[in-house]
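Below: one structure, written as structure tokens.
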Amino acid sequence: MVEMLVMLQEFQKRKASKTSARSVAFQNQKDALFADARKRVEKVVCDGYLSIEKARATILDLKAKEVSPERTLTPLKALWESQDECVQGLLHDCNGIIEDLAHRRAQEIDQASAMLEIQAVERERSRRQLIANARTCIEENLENQKVATDAKNLIKHYKALLNA
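So for the sequence shown, the numbering used here puts the first residue at 5; every next one is plus one.
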């Protein structure tokens with residue numbers, strides 16, 4: 005049994021030496037990966053810091069160039085008020101002209117309406133005359149058509165007599 009214990013201890017020593025060699029290699033790779041990752045992280049942090057500083061500078065520059073609404077609206081408000089005053093003055097001055105124009109327009113409409121009423125009688129007389137002329141023309145055309153049909157039948161009858 006002692007031999008077995010000795011063998012078992014030797015086996016564990018060999019196993020431990022193999023594992024320790026592997027562990028050392030693994031540890032070295034792990035340390036190299038961590039070192040590389042730290043370098044990359046430092047670079048990313050520096051790049052991020054530079055980007056943030058650049059963005060801050062851009063924002064400050066844009067804020068410096070920004071025009072306040074009050075500076076823009078104040079002249080526009082003054083212009084609008086002066087135009088409103090001009091329009092009110094024109095409306096006050098032109099009020100008499102607009103009223104005169106409205107009266108003249110009403111008179112023109114009344115005259116046109118009266119003219120239409122007067123011409124209504126003449127239109128009715130003209131319409132009746134046109135209807136009578138059309139009726140006469142239609143009757144003449146029907147008579148001419150009957151005469152033409154009778155002449156055609158007469159010619160057929162004479163031809164039939166001559167051929168018989």
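Positions of the beta carbon are idealized from the N, C-alpha and C atoms, including for glycine.
Return helix, strand or coil for residue i, following the three-state DSSP convention.
i    : result
A168 : coil
V71  : coil
Within its chain, find whatever has a CB closer than 7 angstroms to the CB of residue i; leave out the 5 residues flanking it on each side and keep chain order.
i   : result
L37 : none
Excluding five sequence neighbours on each side, which residues of the same chain lie with their C-beta closer than 6 angstroms to the C-beta of residue i?
i   : result
H96 : none
Apart from the five residues just before and just after residue i, which ones in its own chain have a Cβ nearer than 8 angstroms to its Cβ?
i   : result
L66 : none
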